[in-house]
Every structure is written in C-alpha cells, then in structure tokens.
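Structure record follows, encoded as structure tokens.
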Ligand code: SF4
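Residue numbers (the working numbering): 383 to 445.
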C-alpha cells in the first residue's frame, strides 16, 4: 500500500505529522511528506487512521 497527499486539498492542519510521525514529516513549506513507501504492514492501521483524521480529506491510501 502507498500513502500520498494531495497538496491542493491539504490545509496544513498538521494532524498527520503530529499523530503519525513515523509516516509523515512536516516540510519547511508546511506540507507533509510521506516517509514510507510502501507502507509497512505494521503501520497499516496508522495509515488508515491518518486518512480518517485528515480534515482536508487529502490523504490517500492505495495499492
Ligand atoms: S492531516 Fe491532512 S490537511 Fe492536515 S496536514 Fe496532514 S494532509 Fe494536510
């Protein structure tokens, strides 16, 4: 599975980087960078959670 962030939808709320620092890091411009590719099986639940909590519905988890 692969995580991606739609920068057009991201409102830079910081939930993803705050709640899941193993998966996301905040870049200098305020947008999150995805740290894992692919998502390790052990982080799949966290990845799904990041999709659910994102207020901009900007995080996608795909095959
Ligand atoms: S939680 Fe969503 S809106 Fe907030 S910084 Fe992460 S991708 Fe952007």
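Here a beta-carbon is modelled for each residue, glycine too, at the ideal position from N, C-alpha and C. Here the structure is a predicted model, which is why all the values come from computation and not from measurement.
Span of the alpha helix (DSSP H) around residue 427: Start and end: 426-435.
Which of helix, strand or coil DSSP assigns to residue 423: helix
Take the Cβ of residue 426 as the centre, count every other Cβ of all protein chains shown within 10 Å, and call the residue buried at 16 or more, exposed below. exposed
Burial state of residue 432, where buried means 16 or more other Cβ atoms lie within 10 Å: buried
Three-way DSSP call (helix, strand, coil) for residue 401 in this model: The DSSP-derived three-state label of residue 401 is helix.
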